[in-house]
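Numbering (my numbering), first residue to last: 2 to 292.
Below is one structure, written out as structure tokens, with a few remarks after it.
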């Protein structure tokens with residue numbers, strides 16, 4: 002894969018760069034400066050590879066295959082967890098996506114939403130339950146080009162449109178037995194492990210925050226420096242921002258003196274403080290406009 006950006010988190014023993022969390026954060030921030038949707042997809046790639054390198058539950062040859070695909074072909078992986086009825090599995094409950102046992106492996110059917118990057122994913126880590134009693138629950142690994150997968154292009158947001166977080170329908174998708182990569186009985190869940198949870202939380206916080214930290218200040222600077230799309234830098238605050246500052250100063254003085262605030266003053270100040278350009282879809286690919 003040219004550049005090796007999609008295998009930076011793969012261990013060196015598997016052909017990757019084995020980059021540190023700080024290095025991965027710098028890469029995500031650099032991508033987010035230009036295109037935050039791409040940064041989110043790459044962020045998910047890194048988080049999965051970091052976790053996979055430490056997860057011994059996976060069938061070893063299958064784990065090697067995922068790593069090799071990332072190194073050689075830039076193969077993307079992401080989780081498909083959220084469902085229309087269940088919502089996020091973090092809230093509890095069993096998924097409606099069911100993996101049925103067959104002699105040759107598993108037959109998976111179900112419906113997922115918010116599947117970030119689905120149109121470019123090579124590997125789908127699908128949250129599902131088995132048809133056993135009691136059922137197994139966990140992750141089944143599904144190749145993205147498997148027969149029976151339908152992408153419903155319902156993601157049509159003005160922001161982060163390029164994540165392509167569409168819906169996915171699984172209709173009797175067949176995978177081998179070892180593709181039940183990380184599952185357990187619902188009546189005997191694995192013991193909570195503090196260290197893996199801490200590592201995942203730290204990594205997710207560091208990498209996801211890099212997207213917003215890098216992209217949002219950029220938008221603020223662009224909005225503040227360019228007036229009316231004419232390309233001229235503002236040499237002084239606008240009348241509205243001057244008035245806002247004056248209003249907030251008066252409110253601060255009243256508060257310091259213990260004087261009551263006029264009705265609605267706090268709400269007006271909040272509106273001014275948070276009022277900013279709302280970037281919407283452009284009428285043309287090169288002409289953004291503000292409302």
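Ideal Cβ placement from N, Cα and C applies to all residues, glycine included.
Under the rule that 16 or more other beta-carbon atoms within 10 Å means buried, what is residue 185, buried or exposed?
exposed
Nearest CA to the CA of residue 206: which residue from 124, 45, 38?
45
Which runs of the alpha helix (DSSP H), 4 residues or longer, sit entirely within the segment 29 to 69?
37 to 53
For residue 185, name the three-state secondary structure that DSSP assigns.
strand
Would you mind giving the Cβ-Cβ distance between residue 157 and residue 56, rounded to the nearest angstrom? I have them listed as a contact below 8 Å.
Not a contact, Cβ separation roughly 35 Å.
Considering only their Cβ atoms, is the gap separating residue 211 from residue 30 smaller than 7 Å?
yes
Tell me the rounded alpha-carbon separation between residue 21 and residue 13.
12 Å
Whose C-beta lies closer than 6 Å to the C-beta of residue 76 among residues of the same chain, with five residues either side of it excluded?
70, 123
Rounded C-beta distance between residue 111 and residue 91? I'm assuming under 8 Å.
So it is not a contact: roughly 18 Å between Cβ atoms.
Mapping DSSP to helix, strand and coil, what is residue 162?
helix
If I measure Cβ to Cβ from residue 87 and keep anything under 7 Å in the same chain, skipping five residues before and after, which residues do I get?
94, 96, 97
Mapping the DSSP letters down to three states, classify residue 168 as helix, strand or coil.
strand
Look at residue 63 and residue 125 and say whether their C-beta atoms are less than 7 Å apart.
no
Can you name the residues that DSSP bridges to residue 103?
106
With DSSP collapsed to three states, give me the class of residue 6.
helix
Going straight from the alpha carbon of residue 165 to that of residue 159, what length do you get?
12 Å
Using three-state DSSP, classify residue 16 as helix, strand or coil.
coil
Does DSSP classify residue 134 as helix, strand or coil?
coil
Verify whether the separation of the beta carbon atoms of residue 204 and residue 7 is less than 7 Å.
no
For residue 181, which residues of its own chain have a beta-carbon under 6 Å away from its beta-carbon, when the five flanking residues on both sides are left out?
141
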